[in-house]
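These notes are about the structure you will find just below.
Numbering (this note's numbering), first residue to last: 130 to 365.
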């Protein structure tokens, strides 16, 4: 909710005219639900994919206010975020809730981006790996080994704080996540880093092969920041 509808459309139109090397960068946008259909129309047929910030897990029914994965698929969604830290820790979504949303996306052909991450309390208690593995296990047990999805590592304590995870630690955790993913899938699953990523610190993460991309929050809400971030990635 960084941008209202009109601000979302202004930014989307600015990004639509931005040039970058589409062979080197795969760009996805996750507008608010209100702006989703208009943004999707704007980028339809372009290399830019559009995704949902959140989905409901039931196709239809008496779920006032919910927007199902099926509805987003019909509206043109390629991706959907599931398990974002704000959904978990502000709205109280459990691992089981995330599992339902993940499965709902796969059922309709949306590529889910599974967000996982530890809290400050987990970190201080030495439970980082335990928390991440638990979040992966709950969602991925029973999923087809051919399923297509992404994972985004977003340490909760870094979200929106300006306190990004040290790049060496992030790369190490990405290795742990990828090793754990081998238990559940035969695919090479991209693992993104998210957590106060911006155009200034992204250069430190780029050299690490275990970091496949980025889930960018507040730094993606302004055209100049997006342009600088893309330029930094291309210059690496």
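Ideal Cβ positions, reconstructed from N, Cα and C, are used throughout, including at glycine.
Subject >> Option nearest residue 287 by Cα separation, candidates 153, 215, 205 >> reply: In the chain shown, residue 287 corresponds to position 158, counting from 1. Out of 153, 215, 205, 215 has the C-alpha closest to the C-alpha of residue 287.
Original post:
Ordered along the chain, which non-local residues of its own chain (more than five positions away) have a Cβ less than 6 Å from that of residue 344?
Top reply: For the purposes of this step, residue 344 is taken as residue 215 along the chain shown, with counting starting at 1. So the list reads 281, 321, 323, once near-sequence residues are dropped.
Original post:
If we ignore side chains and look at the alpha-carbon of each, how far apart do residue 270 and residue 232 end up?
Top reply: Here the question's residue 270 lines up with position 141 in the chain shown. Here the question's residue 232 lines up with position 103 in the chain shown. Looking at the two C-alpha atoms, the distance is approximately 11 Å.
Subject >> Inter-residue CB distance, residue 178 and residue 211 (contact presumed, cutoff 8 Å) >> reply: As a position in the chain shown, residue 178 is number 49, starting the count at 1. As a position in the chain shown, residue 211 is number 82, starting the count at 1. Their Cβ separation, rounded to whole angstroms, is 16 Å, which puts residue 178 and residue 211 out of contact at 8 Å.
Original post:
Which term fits residue 218, buried or exposed, when burial requires 16 or more other beta carbons within 10 angstroms of its beta carbon?
Top reply: In the chain shown, the residue the question calls residue 218 occupies position 89. Looking at its Cβ environment, which holds fewer than 16 other Cβ atoms inside 10 Å, residue 218 is exposed.
Subject >> Cβ-Cβ distance between residue 341 and residue 316 below 8 Å >> reply: Along the chain shown, one-based indexing puts residue 341 at 212. Along the chain shown, one-based indexing puts residue 316 at 187. No, the Cβ-Cβ distance between residue 341 and residue 316 is not below 8 Å.
Original post:
First and last residue of the alpha helix (DSSP H) that includes residue 268?
Top reply: Stepping through the chain shown from its first residue, residue 268 is reached at position 139. Where residue 268 is concerned, the enclosing alpha helix (DSSP H) stretches over 257 to 269.
Original post:
For the stretch 167 to 181 against the stretch 137 to 144, are there 3 or more C-beta pairs whose distance is under 8 Å?
Top reply: yes
Original post:
With a cut-off of 8 Å, do at least 3 Cβ pairs link the stretch 186 to 195 to the stretch 145 to 153?
Top reply: no
Original post:
Helix or strand or just coil, what does DSSP make of residue 305?
Top reply: As a first step, residue 305 must be located in the chain shown, where it is residue number 176. Residue 305: helix per DSSP, three-state reduction.
**OP:** Run through the stretch 148 to 196 for me and flag every whole alpha helix (DSSP H) of 4 or more residues, listed as ranges in chain order.
**Re:** 162 to 172
Subject >> Opening and closing residue of the beta strand (DSSP E) in which residue 210 lies >> reply: As a first step, residue 210 must be located in the chain shown, where it is residue number 81. Note, residue 210: beta strand (DSSP E), 208 to 211.
Original post:
Anyone know if the C-beta pair for residue 239 and residue 279 falls short of 8 Å?
Top reply: Position 110 of the chain shown, counted from the start, is the residue given in the question as residue 239. Position 150 of the chain shown, counted from the start, is the residue given in the question as residue 279. Cβ distance not < 8 Å, so residue 239 and residue 279 don't count as in contact.
**OP:** Could you check how far apart the C-beta atoms of residue 207 and residue 180 are, in whole angstroms? I think they sit under 8 Å.
**Re:** Start at 1 with the first residue of the chain shown, and residue 207 comes out as number 78. Start at 1 with the first residue of the chain shown, and residue 180 comes out as number 51. Right, the Cβ-Cβ distance comes to about 6 Å (below 8 Å), so this counts as a contact.
**OP:** Could you check what DSSP says for residue 287 in three-state terms: helix, strand or coil?
**Re:** Locating residue 287 in the chain shown gives position 158, counting from the first residue. Residue state, collapsed to three classes: helix.
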